[in-house]
Amino acid sequence: PPKYFAKLRGGNHFIWTNLQCAGMATVSACLRMRPEAALVNRYAIAFLDRHLKDRPQPILEAPSPALSTYAHQP
3 PPKYFAKLRG
13 GNHFIWTNLQ
23 CAGMATVSAC
33 LRMRPEAALV
43 NRYAIAFLDR
53 HLKDRPQPIL
63 EAPSPALSTY
73 AHQP
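Start counting the sequence shown at 3; every next residue gets the next number (my numbering).
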């Protein structure tokens, strides 16, 4: 622990990689045009802020409607 499991609706293994932004001119363009990329970004930043900076992150406590599955073991 802590452990997290998040599965995006309609996502696959590669949704968590940079491949979803391939061909985009900039990262910000990818985040604007691909909501799943923005969601992955939010969860990843929240995880790092929580566990490296010890800052509370409410997004990690409750699942997003965009996730088909979410589990958290403190």
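Ideal Cβ placement from N, Cα and C applies to all residues, glycine included.
Quick one: Cα of residue i to Cα of residue j, how far?
| i | j | result |
| --- | --- | --- |
| residue 66 | residue 8 | 9 Å |
| residue 55 | residue 3 | 17 Å |
| residue 32 | residue 75 | 31 Å |
| residue 52 | residue 63 | 11 Å |
| residue 47 | residue 13 | 19 Å |
| residue 24 | residue 15 | 15 Å |
| residue 77 | residue 43 | Given a span of 3 to 76 for the chain in the structure shown, any question on residue 77 remains unanswerable. |
| residue 38 | residue 28 | 16 Å |
Contact defined as beta carbons within less than 8 Å: I believe residue i pairs with residue j. What is the distance between those atoms, to the nearest angstrom?
| i | j | result |
| --- | --- | --- |
| residue 61 | residue 45 | 7 Å |
Suppose contacts are defined by Cβ-Cβ distances below 7 Å. Is residue i in contact with residue j by that definition?
| i | j | result |
| --- | --- | --- |
| residue 41 | residue 68 | yes |
| residue 22 | residue 36 | yes |
Could you tell me which of the options sits nearest to residue i, measuring between CA atoms?
| i | options | result |
| --- | --- | --- |
| residue 70 | 6, 11 and 5 | 11 |
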